[in-house]
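Under numbering that gives the first Met the number 0, the sequence shown is numbered contiguously, ending at residue 153.
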Amino acid sequence: MTSQTQAAPSGLRAGLRAWTPAQRFAGVFGVVYLLVAVAGFAVTGFSDFAGEHHHTLLIFAVNPLHNVIHLVLAAGWLAAAPRHDTARLANLVLGVVLGLVTVLGFVGGMGMLGMSGLADPDNFLHLATATLSLYFGSLAAGGATVDEGRAVAR
0 MTSQTQAAPS GLRAGLRAWT PAQRFAGVFG VVYLLVAVAG FAVTGFSDFA GEHHHTLLIF
60 AVNPLHNVIH LVLAAGWLAA APRHDTARLA NLVLGVVLGL VTVLGFVGGM GMLGMSGLAD
120 PDNFLHLATA TLSLYFGSLA AGGATVDEGR AVAR
């Protein structure tokens with residue numbers, strides 16, 4: 000063994016380092032939304048599933064339907080994260096969906112999720128998440144480059 004020999008990183012860590020920004024965003028936000036959904040269910044339980052009477056998680060309104068939607072978003076991002084193309088597409092699609100939710104929230108059309116209108120903090124959080132998701136689905140997605148005749152993620 001030479002002095003330059005180093006222990007190889009574990010397969011998972013090496014694989015995660017090779018992930019593109021689109022994949023990292025999808026993975027991180029998938030985990031974040033999963034944690035938010037679990038915390039939301041801890042607060043709301045399963046009663047009054049889509050009721051406009053809501054519970055509060057920090058400063059954000061949640062009800063069981065809202066928590067289920069967070070689970071669906073988490074599943075979409077986590078399922079898409081391992082491949083660049085699917086992560087990029089998931090970021091774009093979920094960014095558009097969250098953008099529409101933001102617009103509906105601002106005009107008071109999301110009462111079934113416990114959101115109450117223009118000044119609801121959820122609207123601003125959804126706007127920020129939609130913007131980041133669209134950004135990591137397009138401009139900052141990263142991509143594949145050719146390295147020694149094979150495609151690798153950069």
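Just so it is clear, CB atoms sit at the ideal spot from N, CA and C, and this is done for glycine as well.
Since we're looking at a predicted model, the values are computed, not measured.
### Span separating the alpha-carbon of residue 69 from that of residue 25
14 Å
> Since residue 54 is in the beta strand (DSSP E), which residue starts that stretch and which ends it?
Replying inline: 54-56 is the span of the beta strand (DSSP E), which, as asked, contains residue 54.
- DSSP beta-bridge partners for residue 59? 56
Discussion item. Suppose the cutoff is 7 Å on Cβ atoms and the five residues either side in sequence are ignored; what does the same chain contact list for residue 87 look like?
Written reply: 21, 136 and 140
Q.
Ignoring anything shorter than 4 residues, give me the alpha helix (DSSP H) runs that lie fully in the region 17-84, in order along the chain.
A. 20-43 and 63-79
>> Measuring CB atoms only, is the region 22-41 touching the region 77-97, in the sense that at least three cross pairs come out at less than 8 Å?
In response: These segments touch.
In this structure, does DSSP put residue 225 in helix, strand or coil? Nothing about residue 225 can be read from this structure; the chain reaches only from 0 to 153.
query: Apart from the five residues just before and just after residue 58, which ones in its own chain have a Cβ nearer than 8 Å to its Cβ?
result: In the same chain as residue 58, and ignoring 5 residues on each side of it, the C-beta atoms closer than 8 Å to its own belong to 120, in chain order.
Straight-line Cα distance separating residue 97 from residue 54 | 21 Å
| request: Please classify residue 138: is it buried, with 16 or more other beta-carbons within 10 angstroms of its beta-carbon, or exposed? | output: exposed
**Study point:** Residues near residue 32 in its chain [Cβ-Cβ closer than 6 Å; skip 5 each side]
**Key:** Within the same chain, residue 32 has close Cβ partners 69, 72 and 73.
Check your understanding: How long is the line joining the alpha carbons of residue 29 and residue 56, rounded to whole angstroms?
Key -> 18 Å
message: Is the separation between the beta-carbon of residue 122 and that of residue 104 shorter than 8 Å?
response: yes
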